[in-house]
Amino acid sequence: MKSFLMRDKKFLICCILTFVIKVSYIHSQTFRLSRPVKDNIQANGSYLYGEPNISNPSYAHLGIDYLIRYDTVFSASDGVVYFVGYNPNDTINGYEPGGAGNYLVIQSIWNNKYLFLFYMHLQKPLITQGQQVIKGQPIAISGNTGNSTGPHLHFELRLGSVNYNSSRSRRNPELWCSIDGMGAIYGKIPNAQNNSRVDIYPDPKPRPPYTTFSYALTYNFNDPYIGSDDVYQENYAFGDVKPGTYTITAQGGLYRRIVTVYPGQIVNADQATLVEEKLISENQIIFSQNYPNPFNSETVIKVYIPEKSYNDNLKLEVYDILGKKIYESEKLVTGLNEIIFSVNNLDCTQSSMVLFYRLNGTNFEPTKKMIYLK
Numbered sequence: 002m003k004s005f006l007m008r009d010k011k012f013l014i015c016c017i018l019t020f021v022i023k024v025s026y027i028h029s030q031t032f033r034l035s036r037p038v039k040d041n042i043q044a045n046g047s048y049l050y051g052e053p054n055i056s057n058p059s060y061a062h063l064g065i066d067y068l069i070r071y072d073t074v075f076s077a078s079d080g081v082v083y084f085v086g087y088n089p090n091d092t093i094n095g096y097e098p099g100g101a102g103n104y105l106v107i108q109s110i111w112n113n114k115y116l117f118l119f120y121m122h123l124q125k126p127l128i129t130q131g132q133q134v135i136k137g138q139p140i141a142i143s144g145n146t147g148n149s150t151g152p153h154l155h156f157e158l159r160l161g162s163v164n165y166n167s168s169r170s171r172r173n174p175e176l177w178c179s180i181d182g183m184g185a186i187y188g189k190i191p192n193a194q195n196n197s198r199v200d201i202y203p204d205p206k207p208r209p210p211y212t213t214f215s216y217a218l219t220y221n222f223n224d225p226y227i228g229s230d231d232v233y234q235e236n237y238a239f240g241d242v243k244p245g246t247y248t249i250t251a252q253g254g255l256y257r258r259i260v261t262v263y264p265g266q267i268v269n270a271d272q273a274t275l276v277e278e279k280l281i282s283e284n285q286i287i288f289s290q291n292y293p294n295p296f297n298s299e300t301v302i303k304v305y306i307p308e309k310s311y312n313d314n315l316k317l318e319v320y321d322i323l324g325k326k327i328y329e330s331e332k333l334v335t336g337l338n339e340i341i342f343s344v345n346n347l348d349c350t351q352s353s354m355v356l357f358y359r360l361n362g363t364n365f366e367p368t369k370k371m372i373y374l375k
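Just so you know, we're using the numbering used here here: the sequence shown kicks off at 2 and counts up by one.
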């Protein structure tokens with residue numbers, strides 16, 4: 002027992018002489034549903050959730066449209082078939098206001114609330130009312146029924162109520178499902194008007210299947226049915242985003258965010274950098290002060306490097322209190338760098354340490370301090 006305790010104590014005392022860089026997934030969520038269409042089928046990027054309705058711009062588009070032509074539609078979740086509306090002769094109008102045509106509804110549960118998934122403009126259903134379904138199961142053939150300008154699937158989420166006129170019940174499907182390996186971004190622009198343009202650079206869409214869509218619009222909350230996610234509270238979003246680092250701007254540059262997206266992750270643009278965005282410029286390096294929990298074996302250091310300040314020798318260095326360099330990172334890249342230091346299998350006697358970190362290969366001088374305690 003004594004030997005075991007000594008080994009355990011030795012492991013706990015081990016501190017900051019060796020570090021491991023890992024990918025950071027801080028402030029991210031994962032997708033809750035699977036995609037209702039194959040990954041080679043794109044969403045209509047010119048008519049996204051919350052954007053002005055093409056028939057009445059004072060209202061909004063309540064879901065997203067997948068450009069699928071008479072092909073298989075899959076269940077995005079486990080659940081039970083709540084309703085099937087099918088008329089083989091239906092070509093215009095439909096059962097729902099706005100002309101859903103042939104459509105079906107699957108009832109699921111999220112966060113102890115009923116979630117209703119609507120699949121509209123179908124050619125025909127492949128399931129029946131009351132049937133249990135599982136995620137990924139074929140449930141319909143897409144079509145062009147109801148008020149539809151061409152073959153597509155309108156996919157709509159209603160949380161808490163199945164009724165059409167349920168206030169703020171809609172949710173953005175692009176924050177619930179995605180092409181495999183892609184991510185998503187959301188944010189909330191303070192005091193933004195409805196339908197304000199939000200730009201993103203570089204182009205975030207995978208190719209194929211997408212063409213270029215380099216901006217989104219803030220949600221049109223004039224429509225009483227449009228809602229934000231219960232967790233995210235967003236007023237804009239980008240879905241099916243390739244992994245990478247992006248700059249998001251709006252309101253003539255007053256709103257600016259640097260966001261790094263990883264596969265399968267949904268990232269909050271307003272918390273992704275933990276940097277004071279007002280300080281960011283095209284010529285300025287942002288080196289965030291790190292305030293780790295001193296009892297934690299891991300901490301994140303964030304460095305934003307604009308393209309104009311980049312050189313091939315930029316690295317992060319860590320020194321002990323005697324000025325000895327104990328760590329040097331790999332070369333940093335332009336955009337946001339997120340470095341996680343992890344204490345691993347160290348053989349040292351110090352029970353606490355004061356460490357300093359800085360950038361080399363640049364005239365950028367500031368040095369930051371970290372403290373670790375046993």
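Yeah, the Cβ is synthetic: ideal placement off N, Cα and C, and Gly gets one too.
This structure is a prediction, so every number in the text was calculated from the model and none was measured.
Asked: Same chain, Cβ closer than 7 Å to residue 426, neighbours up to 5 away in sequence not counted; Found: The first residue shown for the chain is 2 and the last is 375, placing residue 426 beyond what the model contains.
Asked: Identity of the residues DSSP links to residue 369 by a beta bridge; Found: 358
Asked: Alpha helix (DSSP H) segments (min. 4 residues) lying fully within the stretch 230 to 264; Found: none
Asked: Counted within 10 angstroms of its Cβ, other Cβ atoms place residue 205 as buried (16 or more) or exposed; Found: buried
Asked: Stretch-stretch touch, CB-based, cutoff 8 Å, three pairs: the stretch 154 to 161 with the stretch 171 to 182; Found: yes
Asked: Nearest to residue 37 (by Cα), restricted to the options 60, 232, 85 and 181; Found: 181
Asked: When 285, 209 and 266 are compared against residue 185, the one with the closest alpha-carbon; Found: 266
Asked: CB contact flag (residue 75, residue 138, <8 Å); Found: yes
Asked: Stretch pair the stretch 77 to 87 + the stretch 105 to 116: three plus CB contacts closer than 8 Å; Found: yes
Asked: CB-CB length for residue 61 against residue 224, believed under 8 Å; Found: 4 Å
Asked: Residue 323 versus residue 368: straight-line alpha-carbon distance, rounded; Found: 15 Å
Asked: Neighbourhood of residue 228 by C-beta, 7 Å cutoff - its chain only, sequence neighbours within 5 removed; Found: 169, 170, 171 and 172
Asked: Straight-line gap, residue 357 to residue 261 (C-alpha atoms, nearest Å); Found: 25 Å
Asked: Residues near residue 13 by beta carbon distance below 6 Å, same chain, minus five either side; Found: Low local confidence applies: a pLDDT of 34 at residue 13 is under 50, so the model's placement there is unreliable, with the coordinate-based value given in what follows. Taken in chain order, the list of residues that qualify is empty.
Asked: Residues near residue 162 in its chain [Cβ-Cβ closer than 6 Å; skip 5 each side]; Found: 170
Asked: Secondary structure of residue 8, DSSP reduced to three states; Found: Low confidence applies to residue 8: its pLDDT is 40, below 50, so where it sits in the model is not reliable, and the reading given next is rough at best. Correct three-state label for residue 8: helix.
Asked: Counted within 10 angstroms of its Cβ, other Cβ atoms place residue 355 as buried (16 or more) or exposed; Found: exposed
Asked: First through last residue of the beta strand (DSSP E) which encompasses residue 185; Found: 184 to 188
Asked: Inter-residue spacing [alpha-carbon to alpha-carbon] between residue 286 and residue 167; Found: 48 Å
Asked: Endpoints, beta strand (DSSP E) assigned at residue 317; Found: 316 to 320
Asked: 7 Å Cβ shell around residue 54 - same chain, five flanking residues per side excluded; Found: 60, 61 and 62
Asked: Residue burial classification, residue 147 (beta-carbon count within 10 angstroms, cutoff 16); Found: buried
Asked: Short Cβ contact (8 Å threshold) for residue 243 with residue 207; Found: yes
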